[in-house]
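Trainee: Numbering of the sequence shown is given in the working numbering, commencing with residue 296 and proceeding in unit increments.
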Amino acid sequence: MRLVVAITGASGAIFGIRILEELKKKDIETHLIVSKWGGFTIEQETGFKVAEVEKMASFSHDVNDLSAVIASGSIKTDGMIVAPCSMKTLAGIAIGFADDLITRAADVTIKEKRRLLLMPRETPLSPIHLENMLKLSRLGVIIMPLMPTFYTRPETVDDIINQTVSRALAYFGVETEHARRWKDLF
296 MRLVVAITGA
306 SGAIFGIRIL
316 EELKKKDIET
326 HLIVSKWGGF
336 TIEQETGFKV
346 AEVEKMASFS
356 HDVNDLSAVI
366 ASGSIKTDGM
376 IVAPCSMKTL
386 AGIAIGFADD
396 LITRAADVTI
406 KEKRRLLLMP
416 RETPLSPIHL
426 ENMLKLSRLG
436 VIIMPLMPTF
446 YTRPETVDDI
456 INQTVSRALA
466 YFGVETEHAR
476 RWKDLF
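Below is the structure:
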């Protein structure tokens, strides 16, 4: 299995990091792209340096390198996750404005009819945000806003992060030890 993972400048960089950690445990090949502001957010919100996060991935690509292998549909991937996904990135994907490697890799994922999961993090949502999400959803893109579940009775922030990451990875057939399903609660 091969997945592209992107971390953009929206709050919630830990979700992208935890996704990388889970995929590494499963020995799944990952191609990481971190936007400029994604790097800033990683260092502001977590105890990680960007270089440490890049080492979690099988391959790390510069956000400006449009010649990277993942910029082409000729490399077979099982999909792409953008976690967190800024509204700027979401808008760029929605209109096909592939001006960096994140939006280009997402564009390739859509055109090749592969799974694309976006984890937007913004509140409140404007009509523009909602229209962009609806447009992408109609194209088959999975829109999974970073909203916690409470039916699992989380005790820590890590519980919330792990449950959200488990739900996201399940779209790609990747099960984690943290997955709690509704049926598991009774």
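The beta-carbon is built from N, C-alpha and C at its ideal position, and this holds for glycine as well.
Where in the segment 296 to 374 do unbroken runs of the alpha helix (DSSP H), each at least 4 residues long, occur, reported from the N-terminal end onward?
Mentor: You should have 308 to 320, 331 to 340, 345 to 351.
Trainee: How far does the alpha helix (DSSP H) with PRO422 in it extend, from its first residue to its last?
Mentor: It spans 422 to 433 - the alpha helix (DSSP H) in which PRO422 sits, taken as one unbroken run.
Trainee: Please give the ranges of any alpha helix (DSSP H) in the segment 372 to 423, keeping only runs that are unbroken, at least 4 residues long and fully inside the region.
Mentor: The qualifying runs are 382 to 390, 396 to 406.
Trainee: Just the C-alpha distance for LYS350 and MET428, rounded to the nearest angstrom, thanks.
Mentor: Between LYS350 and MET428, the C-alpha separation is close to 31 Å.
Trainee: Just the Cα atoms here: how many angstroms apart are SER494 and ILE314?
Mentor: The shown model of the chain, from 296 to 481, leaves out residue 494, and the question about it has no answer.
Trainee: Whose C-beta lies closer than 6 Å to the C-beta of ILE328 among residues of the same chain, with five residues either side of it excluded?
Mentor: The residues are ALA301, HIS356, VAL358, LEU396, ILE397.
Trainee: CB-CB under 6 Å to PRO440, same chain, minus the five flanking residues each way: which ones, in chain order?
Mentor: Same-chain partners within the cutoff: PRO415.
Trainee: What are the partner residues of ILE438, as DSSP defines its beta bridges?
Mentor: Beta-bridge pairing links ILE438 to LEU413.
Trainee: Quick check on the DSSP output: the alpha helix (DSSP H) that includes VAL469 runs from which residue to which?
Mentor: Per DSSP, VAL469 belongs to no alpha helix (DSSP H) and is neither H nor E.
Trainee: Out of ALA401, THR418, ASP322, state which residue places its alpha-carbon closest to the alpha-carbon of MET296.
Mentor: Residue ASP322 is the option with its Cα nearest to MET296.
Trainee: Kindly indicate which residue of ARG410, LEU434, ILE370, TYR446 has the alpha-carbon position closest to the one of GLY468.
Mentor: Comparing Cα positions, the closest option is ARG410.
Trainee: Among ARG433, SER369, LEU434, THR459, which residue has its Cα nearest to the Cα of THR444?
Mentor: Ranking the options by Cα distance to THR444, first place goes to THR459.
Trainee: May I have the straight-line CA-CA distance separating GLY387 from ALA393, to the nearest angstrom?
Mentor: Distance between the alpha carbons of GLY387 and ALA393 is about 7 Å.
Trainee: Taking the beta carbon of ALA346 as the centre, do at least 16 other beta carbons fall within 10 Å, making it buried, or is it exposed?
Mentor: The residue is exposed, with fewer than 16 neighbouring Cβ atoms inside 10 Å.
Trainee: Assign ARG433 to buried or exposed, taking buried as 16 or more other Cβ atoms, counted over all protein chains shown, within 10 Å of its Cβ.
Mentor: Answer is exposed; the Cβ neighbour count stays below 16.
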